[in-house]
Structure formats: C-alpha cells, structure tokens
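J.: This structure is in structure tokens; I'll ask about it shortly.
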Amino acid sequence: QLSGGEQQRVGIARAVVHKPRILLADEPTGNLDPELSSEIMKLFRDFRDVGVTVLIATHDIALVERMNERVLTLTNGVLTAGDE
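Here's what the structure looks like:
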C-alpha cells in the first residue's frame, strides 16, 4: 500500500520517464499535506528547469501564488492570463 504522496510521486515518475515535452497535472496536490504539496511542486520546477513545459490545473490559489510563475485562469469557459 502506498500513501497518497507516494502515489502522487509514482504517477509523476511514470509521466516523466518518457521525457515528455509537456506535462499536464490535474490537481496534483489535491489530497496532500502542505509539506508534501511543496515537494511535488519542487519536482515540477525541476522538470521545468530541464525544458519540460508543465501545465498544472488546481483550485489551490495560494499554491499557485507561491510558484511565482505565469498563471492562466479559466472562468466560465474564458481563459485569461493572470494579469488581465
């Protein structure tokens, strides 16, 4: 049996083993504690640093703000940049 965090890490490892150009993550930290969420987000930064485009869908606004990255928002079917 794997913990929720371990399952998330295994899922991410499976996703990147083929060295994708784009990684899509849907609520990757949804059921994790804050410490583990930070670890997962660090993994995504590491992937970005080696050239992987990382797209993350989340409802955790605080987590997104801590990332200090470009943010797109989808509201009622309209996609906007964070500064619009």
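Residues 78 to 161 (our numbering) are what the sequence shown spells out, left to right. Using N, Cα and C, we set each Cβ at its ideal position, and we do this for glycine too.
So what does Ile133 bridge to, in DSSP terms?
T.: Ile133 pairs with Ala102.
J.: Tell me the DSSP bridge mates of Val94?
T.: DSSP lists no partner for Val94.
J.: When we look at the beta-carbon of Leu120 and count the other beta-carbons within 10 Å, is it buried (16 or more) or exposed?
T.: buried
J.: Over what stretch of residues does the alpha helix (DSSP H) that includes Val141 continue unbroken?
T.: Ile138 to Met144
J.: Taking the straight line between their C-alpha atoms, what separation do you get for Glu83 and Leu156?
T.: 32 Å
J.: With distances taken Cα to Cα, identify the nearest neighbour of Val127 among Gln78, Arg98 and Ala158.
T.: Arg98
J.: Can you round the beta-carbon distance between Pro105 and Gln85 to whole angstroms, since I take them to be within the 8 Å contact cut?
T.: 6 Å
J.: Looking only at its chain, what residues have a beta carbon closer than 6 Å to the beta carbon of Ala134, apart from the 5 residues adjacent to it on each side?
T.: These residues qualify, in order along the chain: Asp103.
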